[in-house]
């Protein structure tokens, strides 16, 4: 796990959202090859934008409650939360530029 990315579980998920105005969560699975492909891209985004948002990862194999609650069926799925509310969702294999454009656009939108 990168120093720029927080490992989050079902247990501490709500606390993370409550403590931070903007949180980006990647819902991933260790067996997901696309997740492995996207990992360095997400890590780079987290390093680049860590002053603007908290970046987290939730392992769906070990944590089922939050993926079920948020109806996450595709891995990886990236969800941006502002003030505890979901404002953007992206899933599957995404071009790095597109992922950054979408995330940064939402992070900076009112």
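Numbering (the working numbering), first residue to last: 265 to 374.
A virtual CB, placed ideally from N, CA and C, is assigned to each residue, including glycine.
| request: Could you check what DSSP says for residue 283 in three-state terms: helix, strand or coil? | output: Counting from 1 along the chain shown, the entry for residue 283 is found at position 19. Assigned with DSSP and collapsed to three states, residue 283 falls in helix.
| query | What do you get for residue 295, buried or exposed, if any count of 16 or more other CB atoms within 10 angstroms of its CB means buried? | reply | Numbered from its first residue, the chain shown carries residue 295 at position 31. Counting other Cβ atoms within 10 Å of its Cβ, residue 295 stays below 16 and is therefore classed as exposed.
| Cβ neighbour criterion (16 or more within 10 Å) applied to residue 338 | Numbered from 1 along the chain shown, position 74 holds the residue referred to as residue 338. By the 10 Å Cβ count, residue 338 comes out exposed.
| query | Apart from the five residues on each side of it in sequence, which residues of its chain come closer than 8 angstroms, Cβ to Cβ, to residue 320? | reply | Along the chain shown, one-based indexing puts residue 320 at 56. Only 269, 270, 271, 272, 280, 287, 288, 289 and 290 meet the Cβ criterion.
| request: With a 10 Å radius around its C-beta and 16 neighbouring C-beta atoms as the bar for buried, classify residue 351 as buried or exposed. | output: What you label residue 351 is simply residue 87 of the chain shown in a count that begins at 1. Exposed is the call here.
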